[in-house]
Amino acid sequence: MQVSDIMTPDPETCSPADTLRAVATKMAEGDFGSMPVVDAGRLVGVVTDRDIAVRGVAQGLGPDAEIAEVMTPDPLCVGPDADVEDAAGIMQDEQIRRLYVTDQDERLIGVVALADVALSEDEELSGETLEQISEG
1 MQVSDIMTPD
11 PETCSPADTL
21 RAVATKMAEG
31 DFGSMPVVDA
41 GRLVGVVTDR
51 DIAVRGVAQG
61 LGPDAEIAEV
71 MTPDPLCVGP
81 DADVEDAAGI
91 MQDEQIRRLY
101 VTDQDERLIG
111 VVALADVALS
121 EDEELSGETL
131 EQISEG
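Numbering (our numbering), first residue to last: 1 to 136.
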């Protein structure tokens, strides 16, 4: 099974110039805690609600500060043709819950979350992935 079979296509994104307030509002409205950061169609980072709180608010940044100030640059990515087992292995090794799917031009086309791996019908793989990620 390939990543393209289980990924969520076209995830909600933000830009590096978006404000902390705007992205936090999108997260609240969409009930999600992380968002890929895209510039000119290319994935350049990822920001989480925790980044906004810990890197932003705790450091005294205001609601109009740019996401670029708190995002994590260069998130791990795989191509759509990657094997789900390989993607799960990356998630385990890096202890991450999301892996971004990009095309050959580094354009974001989807996201694979731990839940997607869990629903991939490979119970052993999903259990092992969850266990490895939870150890960190």
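Glycine residues also receive a C-beta, built at the ideal position from the N, C-alpha and C atoms.
Counted within 10 angstroms of its Cβ, other Cβ atoms place G45 as buried (16 or more) or exposed: Start at 1 with the first residue of the sequence shown, and residue 45 comes out as number 45. By the neighbour-count rule (16 or more Cβ atoms within 10 Å), G45 is buried.
For the beta strand (DSSP E) containing R98, name the first residue and the last one. For the purposes of this step, residue 98 is taken as the residue at position 98 of the sequence shown. Counting along the chain, the beta strand (DSSP E) containing R98 begins and ends at 98-102.
Could you pull out every residue in the same chain whose Cβ sits closer than 7 Å to the Cβ of G33, ignoring the five residues on either side in sequence? Working through the sequence shown from its first residue, we reach residue 33 at position 33. Once the five neighbours on either side are set aside, the close Cβ partners of G33 are M27, T48, D49.
Check each candidate in P16, R21, G60 and name the one with the smallest Cα separation from D39. Counted from its first residue, the sequence shown places residue 39 at position 39. With distances taken between Cα atoms, D39 lies closest to P16.
Mind checking which residues open and close the alpha helix (DSSP H) that includes M27? Walking along the sequence shown from the start, residue 27 turns up at place 27. Residues 20-30.
Kindly indicate which residue of P63, R107, L114 has the alpha-carbon position closest to the one of D10. Mapped onto the sequence shown, residue 10 falls at position 10. That would be R107, whose Cα lies nearest to the Cα of D10.
Can you tell me whether DSSP reads M35 as helix, strand or coil? The residue given as residue 35 occupies position 35 in the sequence shown. Note: M35 maps to strand in three-state DSSP.
Top-ranked residue by Cα proximity to T8, from Q104, C14, Y100: Taking the first residue of the sequence shown as 1, we reach residue 8 at position 8. Among Q104, C14, Y100, the Cα nearest to that of T8 belongs to Y100.
Is G110 buried or exposed, if buried means 16 or more other CB atoms sit within 10 Å of its CB? Here residue 110 refers to the residue found at position 110 when the sequence shown is read from its first residue. G110 should be labelled buried.
Residues near V172 by beta carbon distance below 8 Å, same chain, minus five either side: Nothing can be reported for residue 172: it is not among the residues displayed for the chain, which extend from 1 to 136.
Taking DSSP as the reference, what is the three-state secondary structure of G45? Here residue 45 refers to the residue found at position 45 of the sequence shown. The answer is strand: DSSP assigns G45 an E or B state.
I need the straight-line Cα distance from L119 to D86, nearest angstrom please. Counting from one through the sequence shown, the residue named residue 119 turns up at place 119. Counting from one through the sequence shown, the residue named residue 86 turns up at place 86. Answer to the nearest angstrom: the Cα atoms are 16 Å apart.
With a CB to CB cut of under 8 Å and the five nearest residues on each side skipped, what residues in its chain are close to R97? Numbered from 1 along the sequence shown, position 97 holds the residue referred to as residue 97. M91, A113, L114, I133, listed in sequence order.
Am I right that Q2 and D81 are in contact with their C-beta atoms under 8 Å? What's the rounded C-beta distance? As a position in the sequence shown, residue 2 is number 2, starting the count at 1. As a position in the sequence shown, residue 81 is number 81, starting the count at 1. Contact holds; Cβ gap of about 6 Å.
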